[in-house]
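Numbering (our numbering), first residue to last: 8 to 473.
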Ligand code: 4AD
Ligand code: MG
């Protein structure tokens with residue numbers, strides 16, 4: 008037989024081959040059932056949520072042949088594509104040859120049975136992409152990454168690569184992972200007994216970045232409009248369904264934008280991404296909706312269709328104080344809002360996404376533009392149903408003296424970011440930007456409840472095995 012090339016199942020379902028054609032498919036067995044005469048194998052190759060039915064004549068292959076063809080085995084099938092008579096599929100393959108690439112012993116294959124809990128699947132993260140649920144999530148993750156690049160490219164933003172290893176702490180939160188080649192059992196010390204980082208690889212103390220913003224601002228102040236999209240790392244010991252120690256962040260930064268432009272960009276960007284998901288990930292979203300979150304599609308459409316509410320932190324706190332709602336954490340002017348407060352505003356009060364602005368300076372980072380009142384800064388958080396904060400951003404303080412004063416008030420050591428401070432000396436300009444937590448976006452779009460389930464290999468406290 009003339010050799011033919013493998014066709015992906017997604018392409019067969021898109022009718023890229025005629026009925027009667029000889030096709031070559033490869034994938035993992037999801038189920039196998041049948042009788043003395045015929046075996047039905049449901050094959051999945053990861054290209055789509057849908058399985059392809061393989062029909063094999065038992066007499067032709069011999070009964071013993073099917074013994075090792077069990078759930079999880081990887082096979083290569085060549086056969087004829089035919090219209091299916093059975094329910095549940097439009098097409099199937101009548102197998103001519105089946106080659107077994109790899110077996111999966113039913114006694115030990117962890118995914119032999121269906122219906123495992125998400126918690127169990129986290130323990131076998133190396134295999135969970137084989138399940139329908141995680142296949143769907145990771146395909147959506149891919150499409151969203153692409154949509155993010157497309158949105159910015161189509162809108163004239165440049166992808167600006169900021170470093171992973173830095174000497175600065177952009178957020179001032181102090182929750183950084185140190186990067187070092189020093190020998191912990193024999194660290195060089197100066198005469199005061201402190202670790203001598205001049206002996207370290209970079210000749211200084213370095214860490215994994217918590218945000219690409221500070222370097223991104225340098226890009227915006229030269230290329231005009233940039234975005235970063237990369238991994239960020241935070242050593243916060245927060246074991247919540249919304250925090251990862253390693254997560255991906257998208258950070259646009261735009262010269263000549265004020266906070267209103269920034270809010271417009273955030274709203275347009277989020278709506279574009281949700282629309283893109285509904286258009287390009289329909290099968291996967293429908294699957295997740297059916298199994299995890301019946302209101303998912305409705306919620307996604309709702310966010311696209313409605314304007315986000317915009318109000319100040321002060322107004323938000325007033326609403327929360329008057330709500331009569333019992334919160335675990337108290338609300339008062341000056342308090343850092345918790346997810347329960349954010350979700351109250353979004354889900355109970357406004358029933359729409361909310362953008363809160365003008366936060367007390369004490370609870371926000373040093374770089375945010377200071378308001379005239381001397382108390383608040385031009386920060387903005389976008390709050391989403393089920394998620395709480397999905398975006399955090401601000402207009403930046405463009406005035407050198409004001410920026411220096413704020414760092415002094417905070418007692419910050421600006422040595423590691425001297426270069427950032429300099430941007431305000433040479434051709435400073437109003438500018439603004441924000442950070443979208445990629446996994447929080449994926450949580451929203453997939454309807455999943457735990458952030459560990461939307462990244463292939465979650466990094467959380469005590470968890471970095473695979
Ligand atoms: O609000 P954050 O800390 O803002 C910044 O880092 C700014 N430098 C962004 C900017 O203005 N360029 O983080 C931005 C977003 C949050 O709104 C949240 O969606 C996500 O990043 N995020 C996390 N996601 C998962 N795990 C964590 N530990 C996260 N911390 C923040
Ligand atoms: Mg934030």
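Where a beta carbon is used, it is the ideal one built from N, C-alpha and C, also for glycine. Just so it is clear, the structure is predicted and the values come from calculations on it, not from any experiment.
Residue pairing by DSSP places residue 234 opposite 166 and 259 in a beta bridge. When secondary structure is reduced to three states using DSSP, residue 439 falls in the strand class.
Scanning 16, 15, 470 and 11 for the CA closest to the CA of residue 244 turns up 470. The residues 224, 227, 228, 260, 261, 262, 263, 264, 402, 403 and 405, in chain order, have a CB closer than 8 Å to that of residue 438 in the same chain once the five nearest residues on each side in sequence are set aside. Counting of Cβ neighbours within 10 angstroms places residue 220 among the buried residues, the total reaching 16 or more. At a Cβ-Cβ threshold of 8 Å, residue 187 and residue 216 do not count as neighbours. For residue 317, the enclosing beta strand (DSSP E) covers residues 316-319. Taken in chain order, the complete alpha helix (DSSP H) segments of 4 residues or longer contained in the stretch 196-232 are 220-230. Residue environment for residue 35: buried (at least 16 other C-beta atoms within 10 angstroms of its C-beta).
In terms of side-chain proximity, the C-beta atom of residue 399 is found nearer than 7 Å to a non-hydrogen atom of the ligand MG. Taken atom to atom, the span from the alpha-carbon of residue 128 to that of residue 134 is near 8 Å. Residue 138 and residue 196 have their alpha carbons spaced roughly 51 Å apart.
Here residue 323 carries a helix assignment [DSSP, helix/strand/coil].
The beta carbons of residue 44 and residue 159 sit no closer together than 8 Å. In this structure, the straight-line span from the alpha carbon of residue 336 to that of residue 449 is close to 27 Å.
Residue pairing for residue 101: DSSP places it in a beta bridge opposite 62 and 87. In the structure shown, residue 158 falls within a helical segment according to DSSP collapsed to helix, strand and coil. When distances are taken from the beta-carbon of residue 396 to the heavy atoms of the ligand MG, the shortest one is below 7 Å.
For residue 177, same chain residues with a beta-carbon under 6 Å away, outside a window of 5 residues either side, are 217, 218, 220 and 221 in chain order. The alpha-carbon of residue 117 is positioned some 14 Å away from that of residue 38. By the beta-carbon neighbour count (other beta carbons within 10 angstroms, threshold 16), residue 12 is exposed. By the neighbour-count definition (other C-beta atoms within 10 Å, threshold 16), residue 399 is a buried residue.
For residue 271, the closest of 30, 426 and 388 by C-alpha to C-alpha distance is 388. In this structure residue 83 touches residue 106 by the C-beta definition: roughly 4 Å separates them, less than 8 Å. By the neighbour-count criterion, in which 16 or more other beta carbons inside 10 Å mark a residue as buried, residue 463 falls on the exposed side. Burial check for residue 163: the Cβ neighbour count within 10 Å stays below 16, so the residue is exposed. Counting the other Cβ atoms within 10 Å of the Cβ of residue 298 gives fewer than 16, which makes it exposed. Placement of the Cβ of residue 443 at a distance of less than 7 Å from at least one heavy atom of the ligand 4AD is found. In the structure shown, the three-state DSSP call for residue 354 is helix. The three-state reading of DSSP puts residue 296 in helix, counting H, G and I together. In the structure shown, the three-state DSSP call for residue 49 is strand. For the 8 Å CB-CB criterion, residue 395 and residue 350 form a contact. Within the chosen limit of 7 Å, the ligand 4AD reaches the beta carbon of residue 220 through at least one heavy atom. Residues of the same chain with a CB within less than 6 Å of the CB of residue 455, apart from the 5 flanking positions on each side, are 461 in chain order. For residue 33, the uninterrupted beta strand (DSSP E) segment begins and ends at 29-41. When DSSP states are grouped into helix, strand and coil, residue 142 belongs to the helix group.
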